[in-house]
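Residue numbers (this note's numbering): 2 to 373. The C-beta atom is built at its ideal place from N, Cα and C for all residues, glycine as well. I have placed the structure first, in the form of structure tokens, so that the comments after it can refer back to it.
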């Protein structure tokens, strides 16, 4: 059986019972709640309620379901009320799911971008963040809650508070943190938060979403059928259908609701996860790897390089010779690699609640052999 250490890309194994839930959904006659005369399950509603409980938000209808975090980020950024010359403060730790929509807006809407450097751990210091806010006077501040390269967790409450003090709205990318560490946008007073369902929420591919705080409004990016209020020429004002067009991915959202319910009833052990990551970091260093610093609060993500072996070769040997699945390269986050001095990328191991001591030890030994 292969050793899977690529959970920051997509989690595996998924929540127990997920495959059965997906199969049962596909075996049922397709009936959409509110659109036929039949009583029917409402997977989207159930999923929203589970997400609201996880995120500790009061109104599930403010959670807009999407295909993934990239889709949700585009909804947030492209639907924002931009004016030419508006400034956005963001960080060098961001994923291309954030960077590329911002670059598009820079080109098409004339916005200005200010990038905040990160510390060696990949974390954003409040001092650097506030300096950029003071100098740029942004309308929107965007940051990742946790780096997908170093695992560093940012102090979201502090970064949101500083942005709010300087008159900026906030968008938090919780793709790497939701389901792994507490994510509470209302407590942080975040205006918008995006997440994905297939990573640490242990759900299926094709699931994600955008949470809008009660005082935040954006415009729909997509328009089309909603199944109700079909006489209107414009998108309805009702939430969440204002932003959810076309036939929903009910199968996958029923699966995500199941995964969320399972995780709620079966909490992970953060102390065990922390011990495993420390064991991995020390073992890799002893094996000759140069490990990206990971001090402070972090997710179970660790990146490293071997100075004598290209990262792509390390990944290929790990998979072909040792059956270890990991990720190599820039991880869709080029700016943080450039700033931290890993322009060619890194090898990334990302653990999950299911990772065992034996798997970690096997990964360490494999790296030791490859390092020579």
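* So what does DSSP say about residue 74, is it helix, strand or coil? -> Note: residue 74 maps to helix in three-state DSSP.
* Asked: CA-CA distance, residue 104 and residue 119?
  -> Straight-line measurement puts the Cα of residue 119 at about 20 Å from the Cα of residue 104.
* By how many angstroms is the C-alpha of residue 135 removed from the C-alpha of residue 228? -> In a straight line, the C-alpha of residue 228 is about 46 Å away from that of residue 135.
* Asked: Using a beta-carbon distance below 7 Å, is residue 178 in contact with chain C?
  -> In the structure shown, chain C cannot be found, because there is only a single protein chain.
* Asked: When the Cα atoms are used, what is the spatial distance from residue 374 to residue 146?
  -> This structure cannot speak to residue 374, because the chain is shown only from 2 to 373.
* Are there 16 or more other CB atoms within 10 angstroms of the CB of residue 245, so buried, or fewer, so exposed? -> Classification of residue 245: buried, given that the 10 Å Cβ count is 16 or more.
* the stretch 299-308 contacting the stretch 346-365, beta-carbon criterion three pairs below 8 Å -> Contact check between the stretch 299-308 and the stretch 346-365: three or more CB pairs, one atom from each, fall below 8 Å, which counts as touching.
* Taking only the alpha-carbon atoms, compute the straight-line gap between residue 285 and residue 149 and give it to the nearest angstrom. => About 19 Å.
* Asked: Name the DSSP beta bridge partners of residue 193, please?
  -> Residue 193 pairs with 172 and 213.
* Tell me, please, which residues DSSP counts as bridged to residue 325. => DSSP links residue 325 through a beta bridge to 4.
* Asked: Count the other CB atoms within 10 Å of the CB of residue 210; is the residue buried (16 or more) or exposed (fewer)?
  -> Counting the other Cβ atoms within 10 Å of the Cβ of residue 210 gives 16 or more, which makes it buried.
* Evaluate the contact criterion for the stretch 58-67 versus the stretch 81-98: three or more CB pairs, one atom per stretch, below 8 Å. => Segments in contact, no.
* Asked: In whole angstroms, what is the alpha-carbon distance linking residue 256 and residue 373?
  -> Approximately 44 Å between the Cα atoms of the pair.
* Which class does residue 330 belong to by DSSP, given the choice of helix, strand or coil? -> Residue 330: strand per DSSP, three-state reduction.
* With DSSP collapsed to three states, give me the class of residue 370. => The answer is helix: DSSP assigns residue 370 an H, G or I state.
* Asked: Count the other CB atoms within 10 Å of the CB of residue 365; is the residue buried (16 or more) or exposed (fewer)?
  -> That one is buried.
* Asked: How big is the Cα-Cα spacing for residue 3 and residue 306?
  -> So the alpha carbons of these two residues sit roughly 22 Å apart.
* **Span separating the alpha-carbon of residue 17 from that of residue 113** => Taking the straight line joining both Cα atoms gives about 46 Å.
* Asked: How about residue 217 and residue 62: do their beta carbons lie closer than 7 Å?
  -> It is not a contact, given that the beta carbons lie outside the stated cut-off.
* Sheet register partners of residue 347 (DSSP bridge) -> Beta bridge pairing from DSSP links residue 347 with 330.
* State the Cα-Cα distance for the pair residue 338 and residue 290, rounded to the nearest angstrom. => The straight-line gap separating the alpha-carbon atoms of residue 338 and residue 290 is approximately 17 Å.
* To do: In angstroms with no decimal places, state the Cα-to-Cα distance between residue 275 and residue 154.
  => Using only the alpha carbons, I get a separation of about 14 Å.
* If you compare alpha carbons, which of 265, 263, 260 and 297 is closest to residue 278? -> Selected option, being the one with the closest Cα: 297.
* Could you tell me which residues DSSP pairs with residue 142 in its beta bridges? => DSSP, once it has assigned bridges, lists 90 and 171 as partnering residue 142.
* Asked: By DSSP, does residue 302 sit in helix, in strand, or in coil?
  -> Here residue 302 sits in strand by DSSP.
* Asked: Should residue 20 be labelled buried (16 or more other beta-carbon atoms within 10 Å of its own) or exposed?
  -> Classification of residue 20: exposed, given that the 10 Å Cβ count is below 16.
* Given a cut-off of 7 Å, decide if residue 141 and residue 169 are closer than it, judged by their beta-carbon atoms. => Contact: yes.
* Hey, how far is the Cα of residue 82 from the Cα of residue 219? -> When rounded, the distance between both Cα atoms is 7 Å.
* What is the DSSP secondary structure of residue 254, counted as helix, strand or coil? -> Under the three-state reduction of DSSP output, residue 254 falls in the helix class.
* Nonlocal neighbours in the same chain, by C-beta distance under 6 Å from residue 77, ignoring five residues either side -> If the five residues before and after residue 77 are omitted, its C-beta is found closer than 6 Å to the C-beta atoms of 172, 193 and 211, all from its own chain and listed in chain order.
* Nearest-angstrom beta carbon gap, residue 326 and residue 6 [assumed within contact, 8 Å] -> Right, their Cβ atoms sit about 6 Å apart.
* **Status (buried if at least 16 other CB within 10 Å, exposed otherwise) for residue 273** => Per the 10 Å Cβ criterion, exposed.
* Burial state of residue 38 (16 or more Cβ within 10 Å) -> Residue confidence for residue 38 is low, a pLDDT of 49 falling below 50, so the modelled location carries little weight and cannot support an answer.
* Let me know if residue 31 comes out buried or exposed under the rule of 16 or more other beta-carbons within 10 Å of its beta-carbon. => By the neighbour-count criterion, in which a residue is buried when 16 or more other Cβ atoms sit within 10 angstroms of its Cβ, residue 31 is exposed.
* Is residue 202 helix, strand or coil when you go by DSSP? -> Correct three-state label for residue 202: coil.
* Residues in its own chain within less than 7 Å of residue 12 by CB, not counting five upstream and five downstream? -> Residues of the same chain with a CB within less than 7 Å of the CB of residue 12, apart from the 5 flanking positions on each side, are 199, 200, 201, 203 and 353 in chain order.
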